[in-house]
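Those letters in the sequence shown? Residues 1 to 82, per my numbering, in order.
Glycine is no exception: its CB is placed at the ideal position from the N, C-alpha and C atoms.
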Amino acid sequence: MGVYNGISIQEIAGRSGTESSSGAATAQRTFLCSGTSDPVAARAALIDGPILIDTFDGMFRELIEWDQGESYDSWNMTVRYS
């Protein structure tokens, strides 16, 4: 868990992934960002904040998807790697 510009960041879903027979791999991690009603601010906190999300298990961040969390000021951010 970490905090960046008043936005709380916590990993909420286990790290999951797949690997094909050709060796191609993907993975994802999901974080809860709380403290802002703006998904762009939550995304910025996730990218610039104290939790390292650029790489995971030798893979690089490919995209970030988000959806509304349990309240108006929280966002579930899923980071996908390949």
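With a 10 Å radius around the Cβ and a threshold of 16 neighbouring Cβ atoms, F60 comes out exposed.
Measuring C-alpha to C-alpha distances from E70 to each of V79, S82, G35, I47 identifies G35 as the nearest.
In this structure, DSSP gives L46 a helical state, which the three-state scheme calls helix. Distance from the CA atom of T55 to the CA atom of Y81, rounded to whole angstroms, is 7 Å. The beta carbon of G49 lies closer than 6 Å to those of G2, Y4, I9 in the same chain, with the five residues before and after it left out.
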